[in-house]
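If you read the first sequence in the UniProt record's numbering, its first letter stands for residue 1, the second for the next number, and so on.
First up is the structure itself, then whatever we jot down about it.
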Amino acid sequence: MATSISELHQAHAYMLKTGLFQQPFAASRLMTAAASSSIDSLSYAHTIFTQTPQPNTYMYNTLIRGYATSPTPNVALFLFLKLLCDDQDLLPDKYTYTFVLKACASLCRVKHGKQIHGCVIKNGLSWDVYICNTLLHMYAKCGCFEAARHMLDRMPNRDVVSWNAVLSVYVEMGLVDLAFDFFSEMPVKNLESWNFMLSGYANSGLLDEARRVFDEMSVKDVVSWNALITGYANSGRYNEVLELFDDMQRARVKPDNHTLVTLLSACAGIGALEQGKWVHAYMDRNGIEANGFLATALVDMYSKCGCIEKAVEVFDSASRKDVSTWNAMITGFSVHGFGEQALKVFSEMVENGFKPNDVTFVSLLSACSRAGLLFESHEIFDNMFSIYGIKPKIEHYGCLVDLLGRFGLLKEAEELVEKMPQKDVLIIWESLLSACRNHGNVELAEHIAGKLLELNPQDNAGYVQLSNIHASKGRWSDVVDIRRKMREKLVSKKPGGSVIEVNGVVHEFLAGEGMI
DNA sequence: ACGTTGACCT
């Protein structure tokens with residue numbers, strides 16, 4: 001089996017030279033290899049398809065399946081139409097329908113799905129449980145739960161997958177209550193059914209319910225453990241994540257890459273360096289390579305735990321990086337205050353042919369902001385859209401406003417905020433307001449605080465900052481006035497907190513709390 | 001020769 005595009009090219013060239021390519025079976029094999037290899041070679045498979053004089057249904061199926069699970073499932077629909085119209089002597093078979101229906105589901109195109117359902121009935125394929133299950137999933141995915149239910153109730157040969165196909169959509173949409181009603185009603189359940197229900201609760205942050213389902217399960221696999229652990233991790237309950245991982249090991253369930261990624265992000269979240277190192281050592285012991293997701297998670301963990309050197313080490317030795325891996329490294333340098341290094345990694349990233357995304361630019365701009373790289377930040381902000389086609393979002397404006405504010409370029413910052421899309425500008429005004437405070441610019445501060453309170457009278461930052469500015473200028477009566485307004489609206493400041501790891505134990509303390 | 005339902009990183 002070919003694993004790289006160059007191997008595919010070699011095979012293709014050989015087949016053209018020997019005339020093997022003219023044989024439909026051989027051509028199909030090559031195309032299948034291209035469409036299903038892990039590398040992004042779907043377009044290459046499409047090229048082979050186009051060059052084949054008389055593609056058969058199998059080749060159509062292979063390509064439709066490839067596109068159905070790609071980011072552009074509409075091409076699968078197009079190919080299905082081409083099969084119906086262009087090739088009169090070819091007909092879709094039962095496989096074609098499962099693939100094209102999958103495309104309808106991911107596109108939420110219920111109209112097309114219904115038409116294809118009609119074809120299925122016309123061609124006498126209504127008995128096929130695979131097709132019916134895909135239809136069920138399609139109707140549910142498009143929000144047509146009544147249609148799905150109607151079909152499910154009338155299906156003579158429904159099985160556990162039929163029920164799961166609908167349940168999975170309830171869960172995916174976060175409709176946990178409906179999911180649970182449906183789940184309770186299911187006459188047959190398998191491990192997947194339980195895992196769906198469990199991850200439904202876990203993803204909605206309903207950890208007690210998730211836990212209850214988990215404890216009720218007679219059989220659990222690594223997916224079950226991962227679902228629960230991920231739920232705790234997403235709720236920021238990192239200490240419990242580490243406890244659950246201990247339980248998992250005691251239950252002798254072997255962690256997989258997903259487990260380790262979640263574990264590392266938990267370590268990163270609480271700065272648990274020792275546990276993070278343990279995960280890294282575990283990977284080494286078990287021959288698990290630090291690539292892709294795991295490399296990203298390790299880089300992130302080491303840099304959040306303060307070990308930028310270790311982060312660099314992992315990054316440099318990762319043979320397979322993706323955009324997120326690069327982003328994690330840039331963020332790492334950024335938060336450690338190494339602005340120039342962050343920019344250097346960015347140019348390497350581009351040189352290596354990676355396409356930066358909006359996260360990349362948040363990291364870059366905040367690197368500039370922290371390191372005070374004013375000139376560079378303007379250049380990056382401008383290139384972001386003109387070269388890379390990424391529209392600046394609130395975060396990007398925020399970084400720039402922050403930087404301008406730090407340099408005391410308050411007028412410029414204000415002009416930038418005025419140019420922003422109106423939605424969500426509150427936080428940016430807050431950032432600028434604190435810059436005004438640092439530079440003692442009372443006039444602009446009052447102007448901004450006024451805007452802020454007008455936009456959101458509940459906003460505590462506006463009150464707090466404005467009162468601080470008055471306080472710094474000795475305007476005590478204004479301070480008292482604002483504090484009284486705050487009490488009236490019951491606005492209060494949430495206490496700040498921090499975490500630190502000492503000897504492998506993570507401690508949390510709140511601002512104003514004693515150390516001992 | 002092909003098919004239905006699964007959780008993870010910035």
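From the three backbone atoms N, C-alpha and C, an ideal C-beta is built for every residue, glycine too.
Item: Please state whether DSSP places cysteine 307 in a helix, a strand or coil.; Value: coil
Item: What's the C-alpha gap between lysine 493 and asparagine 456?; Value: The predicted position of lysine 493 is uncertain, since its pLDDT is 48 and thus under 50; a value taken from the coordinates is nonetheless stated next. Distance between the alpha carbons of lysine 493 and asparagine 456 is about 16 Å.
Item: What are the start and end residues of each continuous alpha helix (DSSP H) run of 4 or more residues lying completely inside the region 377-420, in chain order?; Value: 394-406 and 410-419
Item: Pick helix, strand or coil for glycine 118, following the three-state DSSP scheme.; Value: helix
Item: Give the C-beta separation of valine 253 and valine 222 to the nearest angstrom, bearing in mind that I take them to be a contact with Cβ-Cβ under 8 Å.; Value: 6 Å
Item: Could you check whether valine 335 and valine 314 sit closer than 7 Å to each other, using their CB atoms as the reference points?; Value: no
Item: Return the residue from the list Lys451, Leu343, Leu410 and Arg437 that minimises the CA-CA distance to valine 425.; Value: Lys451
Item: CA-CA distance, threonine 262 and proline 92?; Value: 43 Å
Item: If the criterion is Cβ atoms closer than 7 Å, does the pair alanine 103 and proline 55 meet it?; Value: no
Item: Buried or exposed, going by whether 16 or more other CB atoms sit within 10 Å of the CB of glutamine 275?; Value: buried
Item: Does proline 156 pass the burial test, meaning 16 or more other C-beta atoms within 10 Å, or should it be called exposed?; Value: exposed
Item: Can you give me the C-alpha to C-alpha distance between asparagine 190 and valine 160, rounded to a whole angstrom?; Value: 7 Å
Item: Pick out whichever of Thr98, Phe196, Glu376 and Ala290 has its Cα sitting closest to the Cα of tyrosine 170.; Value: Phe196
Item: Is the distance from the Cβ of valine 417 to the Cβ of isoleucine 428 below 7 Å?; Value: yes
Item: Go through its chain and collect everything with a Cβ distance to serine 162's Cβ below 8 Å, but skip five positions before and after it.; Value: Val129, Cys132, Asn133, Leu136, Leu152 and Met155
Item: Leaving out five residues before and five after arginine 65 in sequence, what residues of the same chain have Cβ atoms less than 6 Å from its Cβ?; Value: Phe99
Item: Assuming threonine 96 and asparagine 61 are in contact, meaning their beta carbons sit under 8 Å apart, how far apart are those beta carbons, in whole angstroms?; Value: 5 Å
Item: Run the CB neighbour count on glutamate 348, radius 10 Å, all protein chains shown included, and call it buried at 16 or more, exposed below.; Value: exposed
Item: Which value, in whole angstroms, describes the spacing of the CA atoms of histidine 258 and threonine 296?; Value: 12 Å
Item: Within its chain, find whatever has a CB closer than 8 Å to the CB of glutamate 454; leave out the 5 residues flanking it on each side and keep chain order.; Value: none
Item: Using CA coordinates, which residue listed in Leu206, Val219 and Ala179 is at the minimum distance from isoleucine 229?; Value: Leu206
Item: Work out the CA separation of serine 168 and serine 106 for me, nearest whole Å.; Value: 13 Å
Item: Looking only at C-alpha atoms, which of Met420, Asn468 and Lys419 sits nearest to arginine 437?; Value: Asn468
Item: Report the option in Thr331, Ser319 and Asn286 whose CA atom is closest to the CA atom of aspartate 301.; Value: Before going on, a small fix: residue 301 reads as methionine here, not aspartate. If we check each option's Cα against that of methionine 301, Thr331 comes out closest.
Item: Three or more C-beta pairs under 8 Å: does that hold for the region 405-413 against the region 380-397?; Value: no
Item: With a CB to CB cut of under 6 Å and the five nearest residues on each side skipped, what residues in its chain are close to serine 366?; Value: Ser334 and Cys399
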